[in-house]
Every structure is written in structure tokens, then in C-alpha cells.
Amino acid sequence: MNSSDDAFEAELRALGESLHVPPPPADMSVRVTAALRELSEEPHFTTGPSKPFFAAKFRRPRFTTKRLVAVVAAFLVVLVAATPQGRAAVVEVLRFAGVEIEVGTSEPLPSGSPSPLPSETSAALAEARRAVAFPLVVPAALGEPDQVRVADGGQVVSMYWDGVRLDQYDGTLHEVWNKQLGEPFPQQLLIGSTQAVWIPQQHGIEYLPKAGGKPVSLRLAGPTLIWQVDRVGLRLEGVQTIQEATRIATSVR
Amino acid sequence: MNADDSLTDDDAVGRALSGDLVAYEALVSRYTPIAHRTAFLLGAGDEAEDVVQEAFVKAYRHLRSFRRESPFRPWLLRIVANETHNVTRSRGRRADLSVRLEGVREPYTPEDPQDAAAAGDRSARLLAAVRSLPDREREAVVCRYFLQLSESETAEILGCPIGSVKSRTHRGLRRLREEVDRELL
């Protein structure tokens, strides 16, 4: 950087300081705690307004994994119950490990040739590890992948073995995939102590690009297992049985 | 709550993880201004307050996935940036940088009114040029200069390697200079 670059950068910083940005909301901590309280069903969260918010220390955190598992489980049960045979399909959306699953849609399954993910390129495993902002895992049950592809500026890494595909992506913060499912509804299971979802049938899958914009319609996906390791979302496709998928998923290192 | 000032981020996170919501409120108060500015400048516009609220709720729910040895601010701002993307995507339009220049405060304060007008004009052109940058370059420029974040913070927030932050910023700066200098001719 030469001095005129420095001056230009300083000019941009000064411009930033002169921008009109509305003042930050003063009551944000009240709003956030109220929203968190609404999400909780602990009885002592419904104490009257005269008591200070959350004056008491809680016995334990309210959003434990167990609890989230229970919430997801309950949601799925409700979905199944709310969609009796013969009634018009109720579309419900389940969000889990970076995947948005629309349950109850009866759209025709996609056909034709599959599209690739945006800006997908081949990479060696070590190269892929450097290119993404999250830790990659490899299932020991499958060994080294035959092929590794990095897509959408490091948002998704796909590994391929004979007929099997494993996608990894930052699964905690926003949705990366959209799936449309009719019956049968996805099945839940545990991978170790982690909640997972098994989709037994063929279904349409779309990719939601990182930069926003229109979803990319990808292809017809086969049976898929979705789960999460820390902040990384994983989807394993191409394995025909839940037992085999679980065996592979539990072997990730 | 003045007692909150002495609480480090890590202490507050630790206490929030053990269920202490008052400690989490301290983090919310501390980071609301930067979170709100980030949401607004990345294009959330009128929805910036809702984005920030949702981001803090999400951050609390995902607090267990936060790595305690790393700083809290960029982790939180990444959630803010993602939430901003979600609202701009659901609006079905490009994330606009909907800001205007503060009428009175210009980056330079020249004595001569004519110089002041020229400086204001240049600022307005520069802002327009930032607005029309491609999304990725605009986001990098906004993070680095308007939010004054480091390269590594910017990388975490935008979810890309540091190398990409450098190249996007570099391309953005080059484009801005070309744009502004061309109009001077």
C-alpha cells in the first residue's frame, strides 16, 4: 500500500463516520430477554411484571441439546398428526442443521439433468480444509474420498465415494438446503448423542446460495441422513438403509 | 448496571451458559450498538432492530457452539450478517446500502464554503460508488472501512478466508478509485 492508498482508505473511514445511521435501540436487552422468555415454558418465567427479569439464577441452561431434541421431536409428531390421510396436505417447515424441510408439499419431483452447486471446483482434501472456515470431517467407515469439491466460496464441501456423497457446510446459522417432502415423513434418530433426521425416500433438493438470490434447483436426491457435528451440518446421500447411514455417520473423525 | 462494565465477555458467556440471563443482558447491552450498525450498513434498513433482536436470540441458543477461546464480537456479528442476508433474501431484492450522508458532518471541514461543497460532492459520489459495488466487494468494504473491523474479523463475519477479504477489498478499492477519479475529470 502506498501513501495515496492510505489516504483513500482514511477517506473511506471518515465517510463511514459521517454516515447517517439511526441510533441503536435502547431497550434491546429487555426485548431479547422477553423473546427468550417467550421461547421457554419454564413456569417461573411467567412471573408478574413487578418481579425483575430473571433475577434468579437458573438451575441449568434452558436450551440444552436434550431440550432442543425434545422440541424437534415434538414438532415432527405434530406434523404427522396434523396431516391426516385424504386431507389437503399441510405444508410445514422444519429447520434442522442448516436444512429447511418442507413437509407435505406435493410438488412433482424434479427431473432432467442435475445442476452443480454454484462455482463448484475440485480440490485435494488438504486444499479444501484450507479453503473453508469450518473443520472438515471424514467418515472412517468410507476412508479417503475419491473426490472432493468445494462450492460457493467455501460454503459447501462435497466428498464423493462410489455412489455415496457427503456434503458439509456451516449448519448453525442459516439454512443452506431446501427439501420438499411428501409422505413418508422424515424419521428421527440419534447419532451418538446428536439428533439426526433420516429421509427415506427420493425428494427434490434446492441449494440456497450464500449471497442470497434465487434457490438453485439441484436434482432428485436419494435417501439422505442429516445431522450436525458441532457447528458443521452434514448430509449423507446415496446409502440405502438407515443402519448403514448411521454406521457411516458415527465413524466421522 | 455499572457492575456489568467490569464483567469480561468470557465471564459473561460462562455465566450465560450456566443459565444466568442477567450476564447475557450485559453482552446484549455491550454489543447492541455495533450489531445494529452492522445490520443497518449491510442492508437490513428498517428491519435492523428486528435483525439484531433475532441475532441475539439465536446467539443465546447457539452459545454452546461458540468457541470460548475466540472473541465474542465477530462470532456475534457473523450471526447478525447471516440474519441480515435472511431478511434481504426474503424481501427478494438486493441488500441495499440505504444510508445517506449526515447533512452537517462532512469528512473534511474546509474553511472555504466552495471547498466544503466540493468535498461533500466527492463524499456523495464515493458513497454512490460504494452502493453500486458488487455484493461481495461492498460487504468487504463496509466491514473494513465503515465498520472499521480487522481483516480477520471481516473474514469471520463474511464466512470466508482472510485471503478473500484481502482480494475483495482490494478489487473494491480499485473500482471505487476508478469511479471517483473518472468523475473528477
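In the order they appear, the protein sequences are chains A and B.
Just so we're aligned, residue 1 is where the first sequence starts under my numbering, counting upward by one.
Just so we're aligned, residue 254 is where the second sequence starts under my numbering, counting upward by one.
Every residue gets a Cβ at the ideal spot worked out from N, C-alpha and C, and that includes glycine.
- At a Cβ-Cβ threshold of 8 Å, residue 291 of chain B and residue 340 of chain B do not count as neighbours.
- Membership of residue 306 of chain B in any beta strand (DSSP E) is not indicated; the residue belongs instead to the alpha helix (DSSP H) covering 301-314.
- The way I'd put it, the region 269-277 of chain B doesn't touch the region 238-252 of chain A; fewer than three beta-carbon pairs between them come closer than 8 Å.
- With respect to the 8 Å criterion, residue 119 of chain A and residue 149 of chain A are not classified as neighbours on the basis of their beta carbons.
- Taken through DSSP and simplified to helix, strand or coil, residue 129 of chain A comes out as helix.
- Contact annotation: residue 412 of chain B and residue 391 of chain B have beta-carbon atoms that are not nearer than 8 Å.
- With a threshold of 8 Å between beta carbons, residue 193 of chain A makes no contact with chain B.
- Comparing C-alpha distances from residue 213 of chain A to each of B/342, B/389 and B/281 shows the shortest one belongs to B/342.
- The beta carbon of residue 250 of chain A lies closer than 7 Å to those of 191 and 192 in the same chain, with the five residues before and after it left out.
- At least 8 Å separates the beta-carbon of residue 215 of chain A from that of residue 240 of chain A.
- The C-alpha of residue 428 of chain B is placed about 40 Å away from the C-alpha of residue 27 of chain A.
- Interface residue (Cβ-Cβ distance to chain A less than 8 Å): residue 376 of chain B is classified as such.
- Residue 161 of chain A places its beta carbon less than 8 Å from that of residue 142 of chain A.
- Residue 131 of chain A sits close to residue 414 of chain B, with the two beta carbons spaced by under 8 Å.
- For residue 388 of chain B, the chain A residues whose Cβ falls inside 7 Å of its Cβ are 211, in order along the chain.
- Between residue 376 of chain B and residue 18 of chain A, the C-beta spacing is below 8 Å.
- Taken in chain order, the complete beta strand (DSSP E) segments of 3 or more residues contained in the region 265-290 of chain B number zero; there are none.
- Neighbours of residue 430 of chain B in chain A, taken as residues at a C-beta separation under 8 Å, are given in chain order as 8.
- Taking 8 Å as the threshold, the shortest C-beta distance from residue 379 of chain B to chain A falls below it.
- Distance between residue 99 of chain A and residue 434 of chain B, taken at the CA atoms: about 46 Å.
- Taking a C-beta distance under 8 Å as the contact criterion, residue 206 of chain A and residue 177 of chain A qualify as a contact pair.
- Exclusion of the five residues before and after residue 270 of chain B leaves 316 and 317 as the residues of its chain whose Cβ lies within less than 8 Å of its Cβ.
- Residue 293 of chain B and residue 402 of chain B have their C-alpha atoms roughly 15 Å apart.
- Residue 432 of chain B and residue 418 of chain B have their C-alpha atoms roughly 21 Å apart.
- The continuous stretches of beta strand (DSSP E) do not include residue 35 of chain A, which lies in the alpha helix (DSSP H) extending over residues 28-39.
- Residue 263 of chain B counts as exposed, since fewer than 16 other C-beta atoms from the protein chains shown sit within 10 angstroms of its C-beta.
- Look at residue 298 of chain B here: in three-state DSSP terms it is helix.
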